[in-house]
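*Asks:* Below you will find the structure I want to go over with you.
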Amino acid sequence: MSLTATSFDWVRELVRKESAIVLQPGKEYLVEARLLPIARQMGLPDVGKLVDTVRTRPSADDTRKIVEALTTNETSWFRDGDPFTALTSTVLPALLSARGANERLQIWSAACSSGQEPYTIAMLLDDALPNAASRVSITATDLSREMVQRTRAGRFSQLEVNRGLPAPMLVRHFTRAGTEWEVSANLRRMVNATECNLAAPLPRMGPFDVVYLRNVLIYFDLPTKQSILRRVRDLMRPDGWLFLGAAETTLGVDDSWERVVIGRSSAYRPLKGK
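By the working numbering, the letter at position 129 of the sequence shown is numbered 118, and the numbering carries on one by one without gaps.
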């Protein structure tokens, strides 16, 4: 049984309701590819039968698997480069100047996928700050339970470390663990991974000095983008820094942010009085 228009619409509505992610028409191939492994795991012949089964006998576990399978987990080390250069060249010195010597810095890596972004940040800070593990706390969140577990484990395949991780950093911060590479215990102490649905009420966190919310907003409609930006701002320090993806902006979405150009990158800061 192929994926019918009715089944596709049901999946779209489920994903929208649970995550606020909008699957545009024409994404049937994506749904088929992402859900076929779940169908086979359940002993079902195809995705159409999977949808029929979950619709008629819904369970929280099955719906969670469908939603998580359709969230995008594309990631790499030092993705796009410039936002990480900006952290060490401009943002970190400004924060250290503004904070007390014993004040911890709190950073949030939202929609962290399998952990490359928060561990990229951790490596940079470990190289730049003495005793970084005692001075920095990185909160890594994702909608997917599997991605959160992978981030906590801090283990990556050879293929994954080949995607953007400089060899000197691999040698300095990782050790071999069978066929995988494991991030150092020092870095894992800096990163706290937990589940978080950006489209739902956010847990009590922060206040954050820096938030990386990159390549996430593009999947939401305008009201959801506005809601997320407002709630993220509520969890930030008044002089905090927000990094978005290269194709994302607060302009025309939320006027309570100031855009700051940093080299070839840019960041956003909460406007006072907004």
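Built from N, CA and C at the ideal position, the CB exists for glycine as well.
Is Asp41 helix, strand or coil by DSSP?
*Replies:* In this structure, Asp41 counts as helix in the three-state DSSP scheme.
*Asks:* Between Phe(-3), Ala22, Pro26 and Ile27, which lies nearest to Gln13 when the distance is taken from Cα to Cα?
*Replies:* Comparing Cα-Cα distances from Gln13 to each of Phe(-3), Ala22, Pro26 and Ile27, the minimum goes to Phe(-3).
*Asks:* Can you say whether Arg203 is buried or exposed, counting buried as having 16 or more other CB atoms within 10 angstroms of its CB?
*Replies:* Flag for Arg203 reads buried.
*Asks:* Which complete alpha helix (DSSP H) runs does the segment 157 to 213 hold, if anything under 4 residues is left out?
*Replies:* Segments of the alpha helix (DSSP H) lying fully in the segment 157 to 213: 174 to 179.
*Asks:* Which term fits Arg161, buried or exposed, when burial requires 16 or more other beta carbons within 10 angstroms of its beta carbon?
*Replies:* Per the 10 Å Cβ criterion, exposed.
*Asks:* Provide the residue span of the alpha helix (DSSP H) that contains Asp228, from first to last.
*Replies:* Counting along the chain, Asp228 falls outside any alpha helix (DSSP H), though it belongs to the beta strand (DSSP E) covering Met225 to Leu233.
*Asks:* Could you round the C-beta distance between Pro72 and Ser254 to whole angstroms and report it? I think they count as a contact, below 8 angstroms.
*Replies:* That belief holds up - the Cβ atoms of Pro72 and Ser254 are roughly 5 angstroms apart, short of 8 angstroms.
*Asks:* Which residue comes first and which comes last in the beta strand (DSSP E) that contains Trp246?
*Replies:* Trp246 -> beta strand (DSSP E) spans Trp246 to Ile251.
*Asks:* What's the C-alpha gap between Met(-10) and Leu191?
*Replies:* Note on Met(-10): pLDDT 48, under 50, position unreliable in the model; the coordinate value appears next. Between Met(-10) and Leu191, the C-alpha separation is close to 39 angstroms.
*Asks:* Would you call the segment 161 to 173 and the segment 131 to 146 in contact, with 3 or more CB pairs under 8 angstroms?
*Replies:* Output reads yes: the segment 131 to 146 touches the segment 161 to 173.
*Asks:* In this structure, how does DSSP classify Thr52 when only helix, strand and coil are distinguished?
*Replies:* In this structure, Thr52 counts as helix in the three-state DSSP scheme.
*Asks:* Three-state secondary structure (DSSP) at Arg5?
*Replies:* Of the three classes helix, strand and coil, the one that applies to Arg5 here is helix, per DSSP.
*Asks:* Using DSSP with H/G/I as helix, E/B as strand and the rest coil, what is Met(-10)?
*Replies:* At Met(-10), the pLDDT of 48 sits below 50, so the modelled position is not reliable and the matter cannot be decided from this model.
*Asks:* Going by DSSP, which residues form a beta bridge with Trp(-1)?
*Replies:* None, per the DSSP bridge assignment.
*Asks:* So, do the segment 84 to 100 and the segment 45 to 58 have three or more beta carbon pairs nearer to each other than 8 angstroms?
*Replies:* They do not touch, by the three-pair rule.
*Asks:* Reducing DSSP to helix, strand and coil, say where Asp243 ends up.
*Replies:* DSSP places Asp243 in coil when its eight states are reduced to three.
*Asks:* Am I right that Glu237 and Ile207 are in contact with their C-beta atoms under 8 angstroms? What's the rounded C-beta distance?
*Replies:* About 6 angstroms; that satisfies the 8 angstroms criterion.
*Asks:* Quick check on this structure: which residue in Leu233, Ile217, Asp228 and Ile251 has the alpha carbon closest to the alpha carbon of Ser86?
*Replies:* Answer by Cα proximity: Asp228.
*Asks:* Go ahead and label Ala100 buried or exposed: buried means 16 or more other beta carbons lie within 10 angstroms of its beta carbon, across all protein chains shown.
*Replies:* That one is buried.
*Asks:* Restricting to runs no shorter than 4 residues, where is the alpha helix (DSSP H) found entirely within the segment 92 to 124?
*Replies:* If we require 4 residues or more, the alpha helix (DSSP H) runs fully inside the segment 92 to 124 come out as 105 to 117 and 121 to 124.
*Asks:* Within a Cβ cutoff of 7 angstroms, which residues of the same chain sit near Tyr18, ignoring the five residues on either side of it in sequence?
*Replies:* There are no such residues.
*Asks:* So, Phe197 versus Leu224, is the Cβ gap smaller than 8 angstroms?
*Replies:* It is a contact, given that the beta carbons lie within the stated cut-off.
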